[in-house]
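First the structure, in the form of structure tokens, and then the observations on it.
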Amino acid sequence: MDSIYWVLSRDCNQRCAHCYNDSEPGAPGLSLEQVDHCISHLPDPAEVEVERIILSGGEVLVWPDLLFHTLQRLSVRLGRRTELWVQTNGDLLDESTLDRLLAHNVKRVDVSSMDSFHPRSTTARLGYLTELFRSRGMVPAAGGEAASAPATFGFWGATPEQWIGPLWPRGRARTHGLSAAGPEHKFCGMWSGARNFLNYHGPGSEINLQLGDVYPCCPMTCRPIGSLLGESLISILDRCARHPVFQALNEGKPETMGESMGVSAEYARERTRELGNECLWCDEFFTTHATRLLMPGAITERGARDLESEVVQIHRKRPEPQHPPAFVATRTFQE
Ligand code: SF4
Ligand code: SF4
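In case it helps, the numbering used here puts the sequence shown at residues 588 to 922.
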């Protein structure tokens with residue numbers, strides 16, 4: 588498996604207007620016991636090797652005990668073959684924290700907030716952070732000298748030229764109307780989309796964990812496909828691999844995911860155009876046509892937060908299409 592992106596907590600020192608997972612001060616995170624439980628449900632390294640785990644938030648450094656506990660437990664469980672990366676907004680990073688990260692075998696630190704959405708306090712620290720990284724022998728991740736360095740660093744953000752530039756239609760980006768994603772944006776087939784999420788034995792497989800909940804993509808389906816608090820990751824993926832809806836998402840083609848249920852690709856494309864983009868179509872599909880396919884009662888509650896938002900209520904008020912597809916009742920996914 589290439590990568591597991593893991594949001595340990597949505598607690599953050601910022602409350603950015605565009606935040607895709609509604610992070611903010613005081614938002615929930617995993618307890619240390621829940622972290623241990625989740626880690627016990629990660630793949631056995633003797634069977635499925637995970638190339639890297641990216642720990643993120645929220646802001647991971649507002650709750651250092653949670654971050655360092657997780658790093659320590661991951662090192663014990665997975666050994667040195669899995670690289671540990673940390674993604675931060677950089678606001679709280681200083682010498683002693685960076686030294687502690689490196690002592691916990693962190694191989695890469697990404698400052699992911701270099702854009703106009705984040706407060707100036709973040710972007711103004713670019714020079715300071717660059718010097719700080721270099722003072723510890725770290726080199727830019729994109730440079731050619733990475734192999735000999737103790738760790739690498741990177742800066743990026745939601746700028747127009749980056750893949751996240753149009754902003755996923757999620758969380759506050761959606762409620763604030765900041766997402767510029769249109770029908771032409773194919774998030775699902777891109778890196779961080781759902782493409783290849785099931786192919787854990789091959790390249791290009793990435794899973795998104797929000798607290799304990801498992802999602803096939805970073806934009807997040809309206810509810811998760813499972814929870815690491817109750818099931819192993821491989822068991823969740825193997826279960827999904829048997830269902831044609833998830834097989835279509837694994838190909839990065841949300842327009843075909845309803846075909847086995849009588850929802851045509853032509854209809855999906857029409858709704859994608861009407862709703863604005865394919866992730867909004869995905870929400871509609873799972874809440875209208877495949878209501879029992881995702882997990883209820885998720886602890887990350889994207890469903891409750893986003894699907895009951897005003898924007899979605901507006902979508903729901905749109906007139907029904909002239910020729911709605913034949914509804915085919917779904918079986919319970921566990922069966
Ligand atoms: S975008 Fe990043 S820094 Fe801003 S609220 Fe969300 S997690 Fe925090
Ligand atoms: S279409 Fe659905 S599965 Fe694909 S990236 Fe968007 S939310 Fe994820």
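The beta carbon of each residue, even a glycine, is placed where N, CA and C say it ideally should be.
The stretch 791-865 is shown to contain whole alpha helix (DSSP H) runs of 4 or more residues at 820-828, 831-837, 852-862, in chain order. Collapsing the DSSP output to three states places Pro727 in a strand. Glu857 and Glu865 have their C-alpha atoms spaced approximately 10 angstroms apart.
Excluding five sequence positions before and after Ala781, the CB atoms of its chain that fall closer than 7 angstroms to its own CB belong to Cys775, Pro803, Cys804, Leu836, Asn837, Gly839, given in chain order. The set of residues with a C-beta under 5 angstroms from any non-hydrogen atom of ligand 1 comprises Cys599, Gln601, Cys603, Cys606, Ser610, Asn676, given in chain order. Between Val693 and Ala738, the C-beta gap is smaller than 9 angstroms, which places the two residues in contact.
Across the set Ser822, Leu824, Glu771, the C-alpha of Glu771 shows the shortest separation from the C-alpha of Pro753.
The shortest C-alpha to C-alpha distance from Ser703 to any of Tyr592, Arg664, Gln749 is the one to Gln749. Note that the C-beta distance between Ile821 and Tyr787 is below 9 angstroms.
Only buried fits Ser699, as 16 or more other CB atoms lie within 10 angstroms of its CB. Ranked by Cα distance from Leu785, the first of Arg829, Leu665, Leu798, Trp650 is Arg829. If only uninterrupted alpha helix (DSSP H) runs of at least 4 residues are considered, those enclosed by the stretch 659-717 are 682-690, 707-710. Excluding five sequence positions before and after Arg723, the CB atoms of its chain that fall closer than 8 angstroms to its own CB belong to Leu685, Asp686, Leu689, Pro737, Ala738, given in chain order. Between the alpha carbons of Phe740 and Thr875 lies a distance of about 43 angstroms. Short of 6 angstroms from the beta carbon of Ser643, and not among the five residues preceding or following it, lie these beta carbons of its own chain, in chain order: Val594, Gln674. Sixteen is the threshold: since fewer than 16 other Cβ atoms of the shown chains lie within 10 Å of the Cβ of Ala734, the residue is exposed. Cβ-Cβ distances below 6 angstroms link Leu654 to Val647 in the same chain, with the five nearest sequence neighbours on each side left out; the list follows chain order.
Membership of Arg782 in any alpha helix (DSSP H) is not indicated, and neither H nor E is assigned to it by DSSP.
Annotation for Thr762: the continuous alpha helix (DSSP H) segment containing it runs 758-762. Ranked by how close their Cα comes to the Cα of Lys773, the residues Pro727, Thr859, Thr657, Arg826 have Thr859 in first place. Counting of Cβ neighbours within 10 angstroms places Ala604 among the exposed residues, the total staying below 16.
Using a Cβ distance threshold of 9 angstroms, Ser662 and Leu671 count as a contacting pair.
For Leu642, no alpha helix (DSSP H) encloses it; the enclosing beta strand (DSSP E) starts and ends at 639-643.
Checking the 8 angstroms criterion, the Cβ of Pro803 is within range of a heavy atom belonging to ligand 2. Annotation for His705: Gln601, Cys603, Asn676, Gly744 place their beta carbon closer than 8 angstroms to its own, counting only its chain and skipping 5 residues before and after.
The straight-line gap separating the alpha-carbon atoms of Ile812 and Gly863 is approximately 24 angstroms. The residue among Arg889, Leu816, Asp825, Leu719 with its C-alpha nearest the C-alpha of Thr808 is Arg889. Taking C-alpha positions only, Ala852 is separated from Arg667 by approximately 44 angstroms. A direct Cα-Cα distance of roughly 33 angstroms separates Ala633 from Phe720.
Looking only at Asp598, Leu824, Thr762, the smallest Cα-Cα distance to Asn795 is reached by Leu824.
Assignment of Glu636 by DSSP, reduced to helix, strand and coil, places it in the coil class. One Cα belongs to Ser627, the other to Asp652, and the distance between them is close to 19 angstroms.
Secondary structure note for Ser627: its alpha helix (DSSP H) is the uninterrupted segment 619-627. In the assembly as shown, Pro790 is an exposed residue. Its beta-carbon has fewer than 16 other beta-carbons within 10 Å.
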